[in-house]
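Residue numbers (the UniProt record's numbering), protein chains in the order written: chain A, 1 to 408; chain B, 1 to 408.
Glycine residues also receive a C-beta, built at the ideal position from the N, C-alpha and C atoms.
All figures in this text were calculated on a predicted structure; none of them were measured in a lab.
To keep things clear, I will list the structure first and then write my remarks on it.
Protein chains: 2
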Amino acid sequence: MRHEVAPLRHGTMRERNLAVVLGEIARRQPVSRARLAEATGFTKTTVSSLVASLAGAGLVREDGPVRDGERGRPATAVSVNGDRVAGLGLEINVDYLAACVLDLGRRIRHRHIVAADNRDRAPERVIAALTGLAARAIAAAGEQGLSVAGAVVALPGTLDQGGGRLRSAPNLGWDDVPAGELLDAGLPALPLAADYDNEANLAALGELWFGDGPALGSYVHVSGEIGIGAGIVVDGRVFRGAHGFAGELGHVVVEPGGSPCACGGRGCLEQVAGQEAILRGAGIAAVTATSSASPDGPLSALVARLERGDERALTAVRRAGEALGQALATAVNLLDPDTIVLGGIFSGLAPWARPATEAALADGAGLVRRSPPRLTVSRLGGDAAALGAASLVVERVLDDPSRLVTRC
Amino acid sequence: MRHEVAPLRHGTMRERNLAVVLGEIARRQPVSRARLAEATGFTKTTVSSLVASLAGAGLVREDGPVRDGERGRPATAVSVNGDRVAGLGLEINVDYLAACVLDLGRRIRHRHIVAADNRDRAPERVIAALTGLAARAIAAAGEQGLSVAGAVVALPGTLDQGGGRLRSAPNLGWDDVPAGELLDAGLPALPLAADYDNEANLAALGELWFGDGPALGSYVHVSGEIGIGAGIVVDGRVFRGAHGFAGELGHVVVEPGGSPCACGGRGCLEQVAGQEAILRGAGIAAVTATSSASPDGPLSALVARLERGDERALTAVRRAGEALGQALATAVNLLDPDTIVLGGIFSGLAPWARPATEAALADGAGLVRRSPPRLTVSRLGGDAAALGAASLVVERVLDDPSRLVTRC
DNA sequence: TTTAATTAGTCCAGGTCGCGTACGAATTAA
DNA sequence: TTAATTCGTACGCGACCTGGACTAATTAAA
């Protein structure tokens, strides 16, 4: 099975070269055409032509003359134009909906989170609520002179590759919902087709652009919520496996023969370190659909107990951290990342869980590599996936601006 | 961190298009230029020009007229020329050296395995022996009119990305050996630079071209020897992780708190299902460097006991199979492959180990995906990695023939 | 047997796009 | 004011794909 290689004609060449120059501008802005020519290897002529196309599409802007070196004619700096094109990120999660708009400079231009218990609500109604949010976001963007190029939607469950069909979302109580179709029907037409992805994958991308950034290298981002997922990012791209189900960290077995899990296995990580398991272990009543109207009610109760030194809570959280470290050690042996990022509930519990996680990680992923990977804690809030989704739109535009450049 | 996108000039376009046409020829051979034009979307003119370049380099051959449809002028079929260019695969392993030559049609033109206990032998001497094998292989290819385009070397240990520095090869007793440099010095100059990779990765590729082929989809290939490694192949390409250490299946923990492992952990898969552990469990004396002059001496002893129904041996092998299944379930949850391929010692032990492996796999990797991946057993012999290495050279030529095409 | 239809491959003009050199523009140093 | 330096553009060139016309080789029908 060979990786499909597409025929290259002049048009494709131009498209790719637009992306090359735009990428270089994004990386070095503000930057002169002369520097771009040096950096890319193109001639100044070619750079000028490409920049002109990009400027025509509003993707790039001239910033006026800038003295670069000591002598000679001053350069006209070119930068990514953050005031014309934007990306829309949407998220459906268990207890909220979120939308955010990012301009091409990845500045947040609009951000709206609506608390709402979506468990066992009809998918159609939830999706209608989301498209409403989307319409308001697009309008808000418009008021700032931004036109939205495309949207990506984060969904909390396993998706069929491509179509955006939500195969199962246990925490939502949804099963085999054609979320992609429903959303395609409800969203306005945009230059780029809408895309759908797992919440864990997009939260991981959010970390790349709004967390520690490129310093992360290749990393595994744990998004612990009621379930535990992991987004695997290699070289700036999400690793999805053959069918898009890669990164199911929650069902790595950490206690062979342990308590049964809904997945059919026994001793899965989720049974030890999932939100419900931790709360149960800490002696806090399990959350029911009705009792959790306030988003992190039970979690803040847990944190309160931890802060006051409650032994039972500490033990439960430490055990969860240890189990997480064991599962992560396995992931490190198989995936060899530079960094592990703890997100979701684990970022809030990190002060108490992290030592155990780090110890277990060092234990299990020691000598094969030189050293275990760095362990960092996410500083992102609940809508990390929406941010990641919007970032993905921005990345798509930067990676292939040709869709927005008028052919001449 | 954006994926580096290289500027595209006319030359690059031509290079890529040569690869497109050559790939299509390889996929459909024998095939007419007219069909190629349809399949690729190029005009007939362009196809003719590209085919002429490829033919000039000896990569492709005209096969004479062939009646394709019912009416009309008969086509001249074009095929990959298997008689001019070849790839060389080399392998250093614990108890043998191997070389093989593959023509562009992936037919084996030369194959030589030399049994030799390389444990604790000086790296320089082993590498000198291998370059001797290589010289003979290149000569044998020459006698058949084949010129060797490049070589890939399989090494049994963890490698630094790129340079071919062997960081550690515990089963060889080698530590931080500049294998790449030594081999570069000893091998004759070839059009393509020599490359180095882990034995497990290359054995996995061997499976792709000499085992079940594309039907495997994305897969994890287990190469159990004294250590246990896994080659992860997604979309026809090896997944290496950030530093090239991905796929260390042997150090996945299957018995938390179990027996200590050289890696610093406890209860690693290798401690339960590695060759030494199985032999110990079956009551067969552990292998020492001197006692294993005959390659699979102790293993065939084990198989003999299994065939005669020895309880102790059966128990050890079943336990190993079960542990392997547990580790693989974890790998499935994280990597989401289509298929698992059992290679190395596990292919010989499959009749006894497989049921336990399959059960454990189904247990741990059940409901998150629709079903656990297919489990198959490799039919390849010991030099799977050498075959994979030579295949990789062939794949490189097919993926980028421009190096061999004389610029005009 | 001739004629029309059909399919394969080549030839030649044309268009796109990057390359290279030359040149004008804008600025600093002498 | 003049020379040096650097930036960006203009214009001709060459690489390479496109498209239509043309030749070649064969089958089906008249």
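{"Query": "Given 8 Å, three or more beta-carbon pairs between the segment 326–346 of chain A and the segment 260–267 of chain A", "Result": "no"}
{"Query": "Under 7 Å by beta carbon: chain A residues contacting residue 409 of chain B", "Result": "What the structure shows of chain B is the stretch from 1 to 408, and residue 409 of chain B is not part of that stretch, so it cannot be assessed."}
{"Query": "Rounded C-alpha distance that separates ALA320 of chain B from LEU314 of chain B", "Result": "10 Å"}
{"Query": "Where THR40 of chain B meets chain A, residues with beta-carbon distance less than 8 Å", "Result": "PRO7"}
{"Query": "Limits of the beta strand (DSSP E) - the one that GLU62 of chain A falls within", "Result": "60–66"}
{"Query": "Through-space distance from LEU302 of chain A to ILE284 of chain A, alpha-carbon basis", "Result": "7 Å"}
{"Query": "Beta bridge counterpart(s) of ARG111 of chain B as assigned by DSSP", "Result": "B:CYS100"}
{"Query": "Exposure label - ALA293 of chain A; buried when at least 16 CB within 10 Å", "Result": "Residue placement at ALA293 of chain A cannot be trusted, given a pLDDT of 39 that sits under 50; the coordinates are not used to answer."}
{"Query": "Reduced DSSP category for VAL80 of chain B - H, G, I as helix; E, B as strand; rest coil", "Result": "strand"}
{"Query": "Reduced DSSP category for GLU91 of chain A - H, G, I as helix; E, B as strand; rest coil", "Result": "strand"}
{"Query": "Residues sharing a beta bridge with LEU166 of chain A, DSSP", "Result": "A:LEU159, A:VAL177"}
{"Query": "Beta-carbon proximity of LEU102 of chain B to GLY82 of chain B, cut-off 7 Å", "Result": "no"}
{"Query": "Expected contact under 8 Å - CB spacing of ALA52 of chain A and VAL66 of chain A to nearest Å", "Result": "That pair is no contact at about 19 Å."}
{"Query": "Backbone secondary structure at ASN171 of chain B - three-state DSSP", "Result": "coil"}
{"Query": "Inter-stretch contact (C-beta, 8 Å, three-pair minimum) for the segment 372–380 of chain A and the segment 337–355 of chain A", "Result": "yes"}
{"Query": "Distance between GLN144 of chain A and VAL31 of chain A (C-alpha atoms, nearest Å)", "Result": "25 Å"}
{"Query": "DSSP-derived helix/strand/coil call for ARG237 of chain B", "Result": "strand"}
{"Query": "In chain order, each beta strand (DSSP E) run of at least 3 residues that lies wholly inside the segment 349–389 of chain B", "Result": "374–377"}
{"Query": "Min CB distance GLY11 of chain B to chain A below 7 Å", "Result": "no"}
{"Query": "Chain-ordered residues of the segment 335–354 of chain B with a beta carbon less than 7 Å from chain A", "Result": "LEU335, ASP336, PRO337, ASP338"}
{"Query": "Exposure label - VAL114 of chain A; buried when at least 16 CB within 10 Å", "Result": "exposed"}
{"Query": "Presumed contact (8 Å Cβ cut-off) between LEU202 of chain A and LEU133 of chain A, rounded CB distance", "Result": "About 16 Å; that fails the 8 Å criterion."}
{"Query": "Buried versus exposed call for ILE108 of chain B [16 or more other C-beta atoms within 10 Å across all chains shown]", "Result": "exposed"}
{"Query": "Interface partners of GLN326 of chain B on chain A, CB under 9 Å", "Result": "VAL253, PRO256"}
{"Query": "Residue closest to PRO7 of chain B, alpha-carbon to alpha-carbon, out of A:GLU248, A:GLN29, A:ALA6, A:PHE42", "Result": "A:PHE42"}
{"Query": "Residue-level contact to chain B via CB, ALA273 of chain A, 7 Å cutoff", "Result": "no"}
{"Query": "Where ALA149 of chain A falls: helix, strand or coil (DSSP)", "Result": "strand"}
{"Query": "At least 3 beta-carbon pairs within less than 8 Å: the segment 382–391 of chain A vs the segment 190–210 of chain A", "Result": "yes"}
{"Query": "CB of THR158 of chain B within 7 Å of CB of PHE245 of chain B, strictly", "Result": "yes"}
{"Query": "Cβ shell of THR290 of chain A (< 7 Å), same chain only, five flanking positions each side left out", "Result": "Its pLDDT being 42, under 50, THR290 of chain A is placed unreliably in this model, and the value from its coordinates should be taken loosely. Contacts found: none."}
{"Query": "Element boundaries [alpha helix (DSSP H), containing VAL21 of chain A]", "Result": "10–28"}
{"Query": "Under 8 Å (Cβ pairs) to chain A, residues found in the segment 222–243 of chain B", "Result": "ALA230, ILE232, VAL234, ASP235, GLY236, ARG237, PHE239, ARG240, GLY241, ALA242, HIS243"}
{"Query": "Distance between HIS251 of chain B and GLN326 of chain A (C-alpha atoms, nearest Å)", "Result": "12 Å"}
{"Query": "Cβ-based burial, THR45 of chain B [other Cβ within 10 Å; buried from 16]", "Result": "exposed"}
{"Query": "Residue nearest to LEU59 of chain B in terms of C-alpha spacing, selected from B:THR40, B:ARG33, B:ILE25, B:ILE92", "Result": "B:ILE25"}
{"Query": "Test: SER79 of chain A CB closer than 7 Å to a CB of chain B", "Result": "no"}
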